[in-house]
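Notes for the one structure printed next.
Numbering (my numbering), first residue to last: 7 to 415.
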């Protein structure tokens with residue numbers, strides 16, 4: 007049950023349904039299996055999987071340190087070394103290829119300083135509380151119920167019956183804590199190291215909306231353990247698990263329905279006569295279908311980012327057209343269409359070409375009307391704070407901790 011909840015915890019479905027986010031799940035799974043092998047004295051096999059896990063991604067640092075300290079607390083130093091040594095080689099490997107032999111880009115800012123790291127760490131803690139047990143999580147759970155299909159409701163009820171039969175028999179027994187202190191320490195370390203990673207890069211707060219919600223994977227490990235092992239009545243535990251389970255199915259249904267809509271949009275692009283006959287070398291700017299709608303929140307990205315929009319058009323039209331998104335973060339000024347999120351800009355002559363993906367229409371838009379068109383687009387609220395008045399103190403706090411979010415707040 008703990009493994010199930012870690013995998014499907016409502017805060018981070020990007021690590022389950024988004025292929026490019028699966029590396030987090032894979033990394034944890036490899037380390038968990040390496041730990042299992044080493045714990046059962048299968049040192050050679052455990053070492054192999056520890057090496058594999060260490061080089062999956064940056065998340066390996068937190069997992070390795072946590073499992074290393076678990077064995078240290080157990081005074082099993084040889085097993086602790088198996089967990090940490092491959093990760094040390096990964097760190098050396100990363101530093102070498104990003105700082106010495108510059109083969110790949112470093113995610114560590116060149117002008118990094120302690121003050122910025124501390125600000126980012128505070129942001130990590132605050133957004134972690136919000137996304138795991140605060141308003142964002144309850145928004146997520148509440149609106150997941152509206153996405154439930156009839157089949158999912160039946161499946162969830164069936165699983166709840168199984169869960170209650172499995173754990174309900176112990177109802178009359180004395181309720182005792184089943185928490186393992188060493189596991190709680192290890193899981194907490196994973197969270198803290200994750201905070202440290204994201205504080206250094208300064209790129210991702212802890213959010214449970216959007217494909218960036220993979221950042222909350224670390225916290226879900228501890229929370230899943232605490233929920234399943236919580237020393238309370240099994241009726242209460244079953245009720246909490248029921249809420250989470252129905253939420254999991256609702257989120258899954260949301261992902262599936264959004265995927266169906268994405269396929270319809272791609273089909274429209276492929277079959278649009280004007281797009282197929284388009285001969286101009288101008289970029290086509292795409293509006294609409296930027297995010298899935300999850301209640302008042304804009305959730306899963308689709309045509310909101312350059313890499314996705316460009317790839318969709320190249321695949322759908324066999325590379326005939328260059329495409330970029332146009333949305334509320336854009337502004338037309340001094341002859342350029344500026345993206346305030348990425349500080350990128352494209353020169354505009356007298357007009358641009360717009361593809362309205364909501365209505366499957368291609369049309370010309372004169373330069374003087376670009377800002378009016380952008381203003382007419384629906385707002386994309388990525389977080390509940392955006393639903394608050396502009397002068398709200400919470401907005402000001404967020405901008406102090408992460409000034410680059412000014413374009414959206």
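Each residue gets a CB set at the ideal place from its N, CA and C atoms; glycine is no exception.
Spanning the alpha carbons of residue 63 and residue 30 requires a straight line of approximately 8 Å. For a cut-off of 8 Å, the C-beta gap from residue 191 to residue 71 is around 11 Å, too long to register as a contact. Between the stretch 8 to 19 and the stretch 218 to 228 there are three or more C-beta pairs closer than 8 Å, enough to call the two in contact. Straight-line spacing of the CA atoms in residue 406 and residue 414 works out to 14 Å. Taking residue 322 as the centre and dropping the five residues before and after it, the same chain places the C-beta of 272, 275, 276 closer than 6 Å to its C-beta, in chain order. In terms of CA proximity to residue 254, 158 leads the group 158, 213, 265, 264. In this structure, the straight-line span from the alpha carbon of residue 252 to that of residue 162 is close to 6 Å. In summary, residue 86 is buried, with 16 or more beta-carbon neighbours lying within 10 Å of its beta-carbon over all protein chains present. The beta carbons of residue 357 and residue 371 sit closer together than 8 Å. Between residue 304 and residue 410, the C-beta gap is not smaller than 8 Å, which leaves the two residues out of contact. Taking a contact to require three or more Cβ pairs closer than 8 Å, the stretch 289 to 308 and the stretch 138 to 158 qualify as touching.
When DSSP states are grouped into helix, strand and coil, residue 18 belongs to the helix group.
Boundaries of the alpha helix (DSSP H) harbouring residue 276: 240 to 277, taken from the DSSP string.
Non-local beta-carbon contacts of residue 141 in its own chain, meaning distances under 6 Å to residues more than five positions away in sequence, involve 390 in chain order. Taking C-beta separations shorter than 6 Å and ignoring five residues to either side along the sequence, the partners of residue 288 in its chain run 359, following chain order. Residue state for residue 209 is assigned as coil, using DSSP reduced to three classes. Contact check for residue 386 and residue 294: beta-carbon distance about 11 Å, past the 8 Å limit, so the pair fails to qualify. A residue is called buried once 16 or more other Cβ atoms fall within 10 Å of its Cβ, and residue 60 is buried on that count.
Within the same chain, 115, 122, 126 come within 7 Å of residue 208 by CB-CB distance, once the 5 residues on both sides are set aside. With a threshold of 16 other beta carbon atoms within 10 Å, residue 285 falls short and is exposed. Every unbroken stretch of the alpha helix (DSSP H) spanning 4 or more residues and falling wholly within the stretch 59 to 144 is given here in chain order: 66 to 79, 83 to 101, 120 to 138. When DSSP states are grouped into helix, strand and coil, residue 331 belongs to the strand group. For residue 270 and residue 278, the gap between their C-alpha atoms comes out near 12 Å. Taken in chain order, the whole alpha helix (DSSP H) runs of length 4 or more contained in the stretch 315 to 382 are 376 to 382. Between residue 51 and residue 93, the beta carbon gap of about 18 Å keeps them out of contact (Cβ cut-off 8 Å).
Boundaries for residue 414: no alpha helix (DSSP H) harbours it, and the DSSP string shows neither H nor E there. Residue environment for residue 329: buried (at least 16 other C-beta atoms within 10 angstroms of its C-beta).
A straight line joining the alpha-carbon of residue 39 with that of residue 100 spans about 24 Å. When rounded, the separation of the alpha-carbon atoms in residue 282 and residue 9 is 48 Å. The DSSP-derived three-state label of residue 296 is coil.
Beta-bridge pairing by DSSP links residue 307 to 297. Within the same chain, Cβ atoms closer than 7 Å to the Cβ of residue 76 are found at 188, 192, the five residues on either side in sequence being excluded. By the neighbour-count criterion, in which 16 or more other beta carbons inside 10 Å mark a residue as buried, residue 195 falls on the buried side. A straight line joining the alpha-carbon of residue 133 with that of residue 211 spans about 6 Å.
Proximity to residue 346 across 334, 58, 353 peaks at 334, based on C-alpha coordinates.
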